[in-house]
Amino acid sequence: MEQFKNIDPLDDWLKSMKDASSEPASEVWEALSGRIPKKPSNKRRGFWLWGLLLIFGLSSIGYLLINENEKINAIPIESKVITVEKTNKNKTSQTPIITPLDPQTISNSPAQKVQNRNRPTAFYKSPNSLNSILPKVENPLKIGALSVDSTVSAPIESSVETKEILDQIKSDFRQKYVDNLRQIKNIELKKLPVYPTILAYDSGTPKGTHSSLKPLNIYPLLSVDAGMKLNHFPIHKLLEIDDKNAINAGSPIQTYEMGLQMNFEINSKWMVSWNVISRKNLHFEIINNAALAYSHSKMETNVRGVMTGTYDHDVGAIALRSTVQQAAGTYYPEGNFVHTEFKLSGDWTYKKSSLFVYRRFIQNKTRLAIKAGVGLNTLEKAKMRVHAVEYSDSRILDAHMNIMLHDLKKRYVDGALGLDFERPLFPFLSIVFAPEINIALSPVLKNHSNVGFGLYGGLRYRIR
Amino acid sequence: MAEKELQILEGCRRGDAKAQAQLYHTFKSTLFAICRRYASNEQEAEDWLQDGFIRIYQDLYQYKPTGSLKAWMRKVTLNICLKHIRSKKKLFPVLDLERVAEKLEMPTTPEEDPQEALVPILQQLPEGYRAVINLYVIEAYSHKEIGEFLGITESSSRSQLTRAKKFMRQLIEKKRTKNIVK
Numbered sequence: 003m004e005q006f007k008n009i010d011p012l013d014d015w016l017k018s019m020k021d022a023s024s025e026p027a028s029e030v031w032e033a034l035s036g037r038i039p040k041k042p043s044n045k046r047r048g049f050w051l052w053g054l055l056l057i058f059g060l061s062s063i064g065y066l067l068i069n070e071n072e073k074i075n076a077i078p079i080e081s082k083v084i085t086v087e088k089t090n091k092n093k094t095s096q097t098p099i100i101t102p103l104d105p106q107t108i109s110n111s112p113a114q115k116v117q118n119r120n121r122p123t124a125f126y127k128s129p130n131s132l133n134s135i136l137p138k139v140e141n142p143l144k145i146g147a148l149s150v151d152s153t154v155s156a157p158i159e160s161s162v163e164t165k166e167i168l169d170q171i172k173s174d175f176r177q178k179y180v181d182n183l184r185q186i187k188n189i190e191l192k193k194l195p196v197y198p199t200i201l202a203y204d205s206g207t208p209k210g211t212h213s214s215l216k217p218l219n220i221y222p223l224l225s226v227d228a229g230m231k232l233n234h235f236p237i238h239k240l241l242e243i244d245d246k247n248a249i250n251a252g253s254p255i256q257t258y259e260m261g262l263q264m265n266f267e268i269n270s271k272w273m274v275s276w277n278v279i280s281r282k283n284l285h286f287e288i289i290n291n292a293a294l295a296y297s298h299s300k301m302e303t304n305v306r307g308v309m310t311g312t313y314d315h316d317v318g319a320i321a322l323r324s325t326v327q328q329a330a331g332t333y334y335p336e337g338n339f340v341h342t343e344f345k346l347s348g349d350w351t352y353k354k355s356s357l358f359v360y361r362r363f364i365q366n367k368t369r370l371a372i373k374a375g376v377g378l379n380t381l382e383k384a385k386m387r388v389h390a391v392e393y394s395d396s397r398i399l400d401a402h403m404n405i406m407l408h409d410l411k412k413r414y415v416d417g418a419l420g421l422d423f424e425r426p427l428f429p430f431l432s433i434v435f436a437p438e439i440n441i442a443l444s445p446v447l448k449n450h451s452n453v454g455f456g457l458y459g460g461l462r463y464r465i466r
Numbered sequence: 014m015a016e017k018e019l020q021i022l023e024g025c026r027r028g029d030a031k032a033q034a035q036l037y038h039t040f041k042s043t044l045f046a047i048c049r050r051y052a053s054n055e056q057e058a059e060d061w062l063q064d065g066f067i068r069i070y071q072d073l074y075q076y077k078p079t080g081s082l083k084a085w086m087r088k089v090t091l092n093i094c095l096k097h098i099r100s101k102k103k104l105f106p107v108l109d110l111e112r113v114a115e116k117l118e119m120p121t122t123p124e125e126d127p128q129e130a131l132v133p134i135l136q137q138l139p140e141g142y143r144a145v146i147n148l149y150v151i152e153a154y155s156h157k158e159i160g161e162f163l164g165i166t167e168s169s170s171r172s173q174l175t176r177a178k179k180f181m182r183q184l185i186e187k188k189r190t191k192n193i194v195k
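In structure tokens:
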């Protein structure tokens, strides 16, 4: 029969190449040595170190900013009194010109005390005699009502020299006015509630004392979230092995996500966020007891095999047909029944980038938001392992096999709906909890759950 | 696993640059030969070799030394080669093979080593054909497995192998004729 055997000389020639060796150029090592990755544990340690340093740095900056405001609070407002000699022929008197917002001149009436508690306001109690020389100044910062009644004017007869002096006084006055307002603004800004734009001003100030004011608009704002999210994907589905056999993949899987999120707070009600996170499964395992029909089984260790079937990226459900066949050996659907148990385990990592839109509400100090978004998931790595044990009357066979997930989806899109609870710890820092439902939008196998639940917890730093 | 391999492995896991260099220099020839078989040219093979070693250095921390280190490294390199091949848009371009074979310029330097002589011929093949020949004849994978690797059907793998061999024979014939003329 030997003469009928088809021997292809080309095949033999090619096969001889299997153990061939060939020297690469020396430049390859030079280029490669610069690209060798570092130890992963160092990388992880570095991540935490840098993360802690970042949090510490941001907290320090926030702390310093607060302290700086407090320092401004302590700066005494200059209360220098300037006196001008008026060259009035009929009347020669010294009229004090008092800087507005001078602490000595700020009203302490009960009505204004109430007002002062609620809003950044200072009053200048102007004597009638000063009305003529005080300039009417628009409030350039739209904050703090300065009540200067300039409607009453009295003609002053003054010389050219006096006018120059008065111009100088006016100029100094304006400058001081603006400087003082700026200082008061800084002091008052600190007194504002955490979400100043949401709380409408209603100071109950007596009418006519000052014009109505609009709330201070601090938006748009940028804020940064750093945190971690745990996901749970329930799998209670049957996976079909073939027409006659199915297994119950009843083990749930958990994944965790970590990363940074940049929030763009458009106004008090709307926010848009973008994040880049890395998601890895904590544990993935499907354990099965399946009575499969085998006529015989050839189980070997280190079986070369390839994972086939469609992989449901998010849930971890896998069509296990050929895996079982390859792990357990040759598989015959008709024949003797052999009891087989197998376990599929492994882990994978996706890099995820999501875009979310938030609609926010306020409840006391807690801010509640409803959020919806989409995310693009890109596969970084995946490793799976199958462990199969076959029990028959005469023997127990045990096999392990590493699986190549070449059918794993490299990219997929998912959608998410959730809530976002934000509770301020400091004016610049809040703690955030966010329960979320994830739905894989890409096509997945029928019978496989593509819905997961997650809980995010983290810190939100507001950049003012 | 040999004592020397274990030492290299432990050194690499510690991030020892000397061990990393030793690992490279011990296995570079074997792995480069694999890359050459799958790549279109030497430059591409060198790039893939680099990628393969980077993956090896990355995965060494998870590698359990139960089997042969060399076999594991070969497998990793092969996967890298297949990953690159899969990323090509057209694995099996519709070509008139005979016409292409006529137009192709073969290397003129005479190679004494028959294995070396085959490499440039392999590199002249379109990506998909080259992969099928390598996987089936050299790596001894089944057509079913090759189909799964390359995202083609089993029968397609079988027919592409026939075409690839035919193409290869034409190229070898052409090379022989050229050498005789010289």
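Protein chains in written order, with the working numbering: chain A, 3 to 466; chain B, 14 to 195.
The beta carbon of each residue, even a glycine, is placed where N, CA and C say it ideally should be.
Check                                                                                                                              : Outcome
Stretch-stretch touch, CB-based, cutoff 8 Å, three pairs: the segment 125-144 of chain B with the segment 8-21 of chain A          : yes
DSSP-derived helix/strand/coil call for residue 298 of chain A                                                                     : Any reading at residue 298 of chain A must be qualified, since the residue scores a pLDDT of 28, below 50, and its modelled position is unreliable; the value itself is stated next. Residue state, collapsed to three classes: coil.
Of the residues A:379, A:188, A:225, the one placed nearest residue 60 of chain A, counting alpha carbons only                     : A:225
Pairwise C-alpha distance: residue 26 of chain A and residue 149 of chain B                                                        : 25 Å
At least three beta-carbon pairs within less than 8 Å, the segment 85-101 of chain B to the segment 53-73 of chain B               : yes
is_contact[residue 42 of chain B, chain A] using C-beta, thresh 8 Å                                                                : yes
Nearest-angstrom Cα separation, counted from residue 162 of chain B out to residue 57 of chain A                                   : 46 Å
Exposed unless 16 or more other CB atoms sit within 10 angstroms - verdict on residue 85 of chain B                                : buried
Buried or exposed by the 16-neighbour rule on C-beta atoms within 10 Å, applied to residue 20 of chain B                           : exposed
Reduced DSSP category for residue 221 of chain A - H, G, I as helix; E, B as strand; rest coil                                     : coil
Strand pairing of residue 33 of chain B, partner residues [DSSP]                                                                   : In the DSSP output, where bridge partners are listed per residue, residue 33 of chain B has none listed.
Beta carbon proximity, residue 230 of chain A to chain B, threshold 8 Å                                                            : no
CB of residue 98 of chain B within 8 Å of CB of residue 152 of chain B, strictly                                                   : no
Close-in-space but distant-in-sequence residues of the same chain around residue 369 of chain A (CB under 6 Å, 5 per side omitted) : 362, 424
Selection from A:379, A:24, A:28, A:168 that minimises the alpha carbon distance to residue 44 of chain B                          : A:24
Status (buried if at least 16 other CB within 10 Å, exposed otherwise) for residue 158 of chain B                                  : buried
CB contact flag (residue 421 of chain A, residue 437 of chain A, <8 Å)                                                             : yes
Identified DSSP bridge partners for residue 356 of chain A                                                                         : A:277, A:377
Sub-8 Å separation of residue 233 of chain A and residue 455 of chain A beta-carbons                                               : yes
6 Å Cβ shell around residue 419 of chain A - same chain, five flanking residues per side excluded                                  : 374, 439
Where residue 458 of chain A falls: helix, strand or coil (DSSP)                                                                   : strand
Sequence-distant residues of its chain with Cβ nearer than 6 Å to residue 32 of chain B (five each side left out)                  : 21, 24, 25
Proximal residues to residue 354 of chain A (C-beta, below 6 Å), its chain only, five neighbours per side dropped                  : 279, 281, 377, 379
Beta-carbon spacing of residue 229 of chain A, residue 417 of chain A below 8 Å                                                    : no
Neighbour list for residue 453 of chain A in chain B, Cβ cutoff strictly below 8 Å                                                 : What residue 453 of chain A touches in chain B: nothing, since even the nearest Cβ is about 29 Å away.
Proximity test, Cβ basis, 8 Å: residue 134 of chain B and chain A                                                                  : no
Burial state of residue 463 of chain A, where buried means 16 or more other Cβ atoms lie within 10 Å                               : buried
Contacting residues, own chain, Cβ-Cβ under 8 Å from residue 146 of chain B (five flanking each side not counted)                  : 135, 138, 174, 177, 178, 181
Closest Cα partner of residue 142 of chain B within the set B:166, B:154, B:172                                                    : B:172
Coil, strand or helix - residue 183 of chain A by DSSP                                                                             : helix
As assigned by DSSP and simplified to three states, the class of residue 261 of chain A                                            : strand
Listed by chain order, chain A residues near residue 138 of chain B by CB distance under 9 Å                                       : Residues of chain A passing the Cβ test: none, with the nearest at roughly 12 Å.
Coil, strand or helix - residue 413 of chain A by DSSP                                                                             : strand
Chain B within 8 Å of residue 18 of chain A, Cβ atoms only                                                                         : yes
Residue-level contact to chain B via CB, residue 464 of chain A, 8 Å cutoff                                                        : no
Unbroken stretches of the alpha helix (DSSP H), 4 residues or longer, contained in the segment 137-177 of chain B                  : 140-146, 156-163
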